[in-house]
Amino acid sequence: PSLYGSVITTGGNTLIQGFTDRLSRDLTTKTPPVCRIQPFSMRLKVLSTNSTAERRYGAWIGGSILASLGTFQQMWISKQEYEEGGKAQVDRKCP
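Each position in the sequence shown, counted from 1, maps to that position plus 1134 in this note's numbering.
Here it is as structure tokens:
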């Protein structure tokens, strides 16, 4: 129930006209009937920011933050390393 009340939309595709309304409608129709009866009634809450820039570039910003973490940099694999070690190189660096 708490997850159902905290749906967050993000990313460039959420800028498609009517996306949030469509998502709300589709989730409501997928809700089991027992959840719509009192006292079990769950209220759907879809959250999205009004800032189109955040929605459009959120994945890039998150990727930038992830790439700047020292622990993530330890998992980087160069093209040469991959060509030499293949999948085993990925398994070694990213257990």
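Beta carbons: idealized from backbone N, C-alpha and C, even for Gly.
Quantities reported herein were computed from a predicted structural model and do not represent experimental measurements.
Item                                                                                                : Value
Sequence-distant residues of its chain with Cβ nearer than 7 Å to Ala1193 (five each side left out) : Gly1145
Segment limits, alpha helix (DSSP H) that includes Gly1114                                          : The question about residue 1114 has no answer here: the residues shown for the chain are numbered 1135 through 1229.
First and last residue of the uninterrupted alpha helix (DSSP H) at Trp1194                         : Thr1186 to Ser1202
Nearest-angstrom Cα separation, counted from Ile1211 out to Thr1163                                 : 44 Å
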